[in-house]
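Numbering (the UniProt record's numbering), first residue to last: 1 to 818.
Built from N, CA and C at the ideal position, the CB exists for glycine as well.
For reference, the structure discussed in these notes is given below.
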């Protein structure tokens, strides 16, 4: 009672001022030893609180305290001091104790001095008879192994010399010093041998070189260290890896990598010069073509942009649709050597309904029925009577529902009956009224979640979701859409077979649930893709024997068809993906970017040439046509295409999409003909400039007026669109002129390059850009208020890193570093 019982905690606040916290009733002043714990919480949440525990019991606490000053990130230690209020009284007690101790030591010293005086008296006096003389304290020698012994008048009557080097003790007893444990003088702790007097280091480990070391004593061991330096085994490749392969020096060892560039094979069969355009010794291609290697080192020739043919013979191609203006004398009679039936208008399918030698795209009367296309209600089917029984714009002769209006003319199962009047839209044998996926064939009618929506068309097949709402247009229903995507490849983690590695294609060749990009053995044949005993010479096809008859580094099992999709590599647009064999935009997803606006109508998409040509005919709101399920691999992809504005009455936006993940996340390359302010000034004024533009869309609002105006505007719109690059020429597109684009995109590292050709001439080049906003996604085309757009001769191609030139690699590295 009467004694202060409190604990004061002082600390520096975030604003630099001192703050004191008073914790009451700790019960510390009862004269007993106490265990005191101070717990500080909320350091990272700006809600600091303290709790005081005495003998593991909570004594007091303080809440909502000012934030503690931030501690340095690299601080080695933080000092916490403690003290007691009764410090002065303790000092007095300490002084009194010191005084008593000094007094007692003085008494002991006087006693010792008196004893020494008595000893001197005894030495000078005569030894009484019958008493023997005092014997020597150094006989026999009590010291360690011949150390010098000196008699003294102090207990025990002698003094021994210092222990020998390498030993420690009091002179009578000496023991060996373990320099290995105290000083660690050797390169490897396990290589230090402690001897009777000193230490010895064993030779440097295998893979290292350096001198031997031995010595005596801790000081020597601390000042002398054994130095072992790494041996570069790769300096002499003949003793390590096979010739023409990569040798990687590691600390104390090495490992062998793949064959060097331009070589094929592995560490088992050796590395041999790859057959390439550079090693042919001659150029098999036309002067207006370039040489490419496809598949297992097979040489192919492709005509340059603005030229068409089989690669060995090329002629001018004015509209860049893949067909020459004039017929070519090709030996193999390749169909791309035939003359273009629409020289100035792209039509990569060369459709000619009436067979008059003039393609439908440029024929004023495509069906030859004597009625011009602009007036004909069956543009591609002869019908002079123009009979139209329903209220749509299609005559009965070409209307797939002649008695039911259906402006879209959509025919999902391709049976000639439009979906509007087809009792079995998907042709799976189950009537629409009973079909749980009326537009997707699913004869088994599997419905795992019991929501009456079949798994084949269910956007949340494992979650009951009868409404099937998908607000962000990513093909994942809202009720199961987490939008959590660690690797940024457009696939949420719960559905991603490589959640930590970008792989938008989700390829899984062995169907083991692990995507190829993060699977060490893609085909599950026991031969690792890269590490020993690999690399696997048929990475996607099981071949444990690794038979390679011609020794070209490609196994016999996959010599001509690497992905085993029955399409030879020479014509396979994605030779390492069995899911993609040819360019096909027929199965597309429409995305409306201004669903609420009523200024214009929605785009109308027409797909031709087996999915390799798209026509958009309407002056429409902004919209996309996205390949529905195809997301290309994370390797370099070069989707080229030709676009052409087939009218002289409009001047707005045309472009293409890549890296599409949802309607708020994608890249768009877009081009406008003239400068113009958007006519809707709400929610903000948007100014469009001519000149090719590359934009990254990461919209907080999604489809609507904000995103609409942000897309129209040339520049950055915070929270919506970022302008990555704009053609400095500031030149718009020209009416009825064909342009060819080439895109290279490597999502994993963010490499982007866009090039644009007008005829044979490169007119715009973005150079190397680096952006990782979207690490993968789908492809598509884009329009905004522009009618009569033709996207022709479309293509996509999945390639390896070899498609990036050495110069581009250097530019990419520079951009990444900066």
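With fewer than 16 other beta carbons inside 10 angstroms of its own, residue 46 counts as exposed. In this chain, the alpha helix (DSSP H) harbouring residue 180 covers 179-183. The DSSP assignment places 705-712 as complete runs of the alpha helix (DSSP H) inside the segment 689-729, in order along the chain (cut-off: 4 residues). Measuring C-alpha to C-alpha distances from residue 391 to each of 402, 385, 381 identifies 402 as the nearest. Taking a contact as a CB-CB distance under 8 Å, the pair residue 692 and residue 756 counts as one, their CB atoms being some 6 Å apart.
Residue 345 counts as buried, since no fewer than 16 other beta carbons sit within 10 angstroms of its beta carbon. When 186, 232, 502, 193 are compared, the shortest CA-CA separation from residue 211 is found for 186. At the C-beta level, residue 412 and residue 425 come within 8 Å of one another. If one requires a minimum length of 4 residues, the alpha helix (DSSP H) runs lying completely within the segment 185-262 are 218-223, in chain order. Pairing residue 552 with residue 263 gives a Cβ-Cβ distance that is not under 8 Å. Scanning 786, 400, 319 for the CA closest to the CA of residue 670 turns up 786.
Within the DSSP secondary-structure output, residue 316 pairs in a beta bridge with 307. Within the same chain, Cβ atoms closer than 6 Å to the Cβ of residue 611 are found at 584, 585, 586, the five residues on either side in sequence being excluded. DSSP places residue 107 within a helical segment (H, G or I) once states are collapsed to three. In the DSSP assignment, residue 274 falls outside any beta strand (DSSP E), carrying neither H nor E. Counting C-beta atoms within 10 angstroms of its own C-beta, residue 506 has 16 or more neighbours from the protein chains shown and is therefore classed as buried.
Per DSSP, the continuous beta strand (DSSP E) segment holding residue 63 begins and ends at 57-65. Cα atoms of residue 484 and residue 512: separation of roughly 23 Å, rounded to the nearest angstrom.
Between residue 340 and residue 319, the C-beta spacing is below 8 Å. The residue from 746, 784, 741 with its alpha-carbon nearest to that of residue 763 is 741.
A direct Cα-Cα distance of roughly 25 Å separates residue 265 from residue 301.
With contacts defined as CB atoms closer than 8 Å, residue 683 and residue 706 qualify as a contacting pair. In the three-state DSSP reduction, residue 336 falls in the helix class (H, G or I). Ranking 38, 603, 7 by CA distance to the CA of residue 23 puts 7 first. C-alpha of residue 438 to C-alpha of residue 466: approximately 14 Å in a straight line. The way I'd put it, the segment 523-531 does touch the segment 543-562; three or more beta-carbon pairs between them come closer than 8 Å.
Within the same chain, Cβ atoms closer than 8 Å to the Cβ of residue 36 are found at 7, 26, 28, 52, 53, 54, the five residues on either side in sequence being excluded. The three-state secondary structure of residue 299, taken from DSSP, is strand.
Non-local beta-carbon contacts of residue 232 in its own chain, meaning distances under 6 Å to residues more than five positions away in sequence, involve 249 in chain order. Fewer than three pairs of CB atoms, one per stretch, sit closer than 8 Å, so the segment 718-732 makes no contact with the segment 320-338. Contact between the segment 57-72 and the segment 96-108 is absent: fewer than 3 CB-CB pairs across the two stretches fall below 8 Å. Residues 19, 68 of the same chain have their beta carbon placed closer than 7 Å to that of residue 11, with the five preceding and five following residues left out of the count. Residue 461 is positioned such that its CB atom lies no closer than 8 Å to that of residue 470. Residue pairing by DSSP puts residue 765 in a beta bridge opposite 755.
The three-state reading of DSSP puts residue 377 in coil, since its state is none of H, G, I, E or B. About 16 Å separates the Cβ atoms of residue 421 and residue 397, ruling out a contact at the 8 Å cut-off.
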